[in-house]
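Q: According to the numbering used here, the sequence shown is numbered sequentially starting from 3.
From the three backbone atoms N, C-alpha and C, an ideal C-beta is built for every residue, glycine too.
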Amino acid sequence: MPRLHAEPLIFCLAWAALAIAAAMTASIWMGILFSAGLAFVLMPLSAIVVSRTESMELERQVRWGLLVIAALALALLLQFA
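1. Taking the alpha carbon of S64 as the reference point, which residue from A8, L20, V43 has its own alpha carbon closest?
2. Would you report the Cα separation of A16 and L68, rounded to the nearest angstrom?
3. Suppose you measure from the CA of R54 to the CA of L60; what does that come to, to the nearest Å?
4. Per DSSP, what kind of secondary structure is E56 in: helix, strand or coil?
5. Taking the alpha carbon of Q81 as the reference point, which residue from V51, F36, T27, A21 has its own alpha carbon closest?
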C-alpha cells in the first residue's frame with residue numbers, strides 16, 4: 003500500500019471543514035457554492051501553475067492561499083450578513 007501523505011489529507015479536511023462551516027452558518031447553498039466553487043477554480047489554477055512552472059511548492063502555496071482567501075470571504079460574509 004502506498005504511503006499516505008499528510009499535507010494533501012490535511013488540505014482536503016480543511017476544504018471540507020470550510021464547506022461544512024459555510025453550510026452550517028450561512029446556508030446549504032453557500033456550502034455547495036464553496037465546495038464546488040473551490041473545485042472549479044482550484045483545479046484549473048493548479049494545473050496552470052504546475053504546467054507552466056513545474057513547481058510543486060508554488061502549486062501548494064497557491065492551493066493553500068486560495069483556501070485562506072475563501073475562508074476570509076466566508077468570515078466577511080458572516081460579519082456583514
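A: Taking the definition as stated:
1. For the purposes of this step, residue 64 is taken as residue 62 along the sequence shown, with counting starting at 1. In the sequence as presented, Ser is not what sits at residue 64; that position holds Val. Among A8, L20, V43, the Cα nearest to that of V64 is on V43.
2. Looking up residue 16 in the sequence shown gives position 14. Looking up residue 68 in the sequence shown gives position 66. Each residue's Cα considered, the two are about 12 Å apart.
3. As a working note, residue 54 is residue 52 in the sequence shown. As a working note, residue 60 is residue 58 in the sequence shown. If you take the alpha carbons of R54 and L60, they lie about 11 Å apart.
4. Numbered from its first residue, the sequence shown carries residue 56 at position 54. The answer is coil: DSSP assigns E56 none of H, G, I, E or B.
5. Looking up residue 81 in the sequence shown gives position 79. When each option's Cα is compared against that of Q81, the closest is T27.
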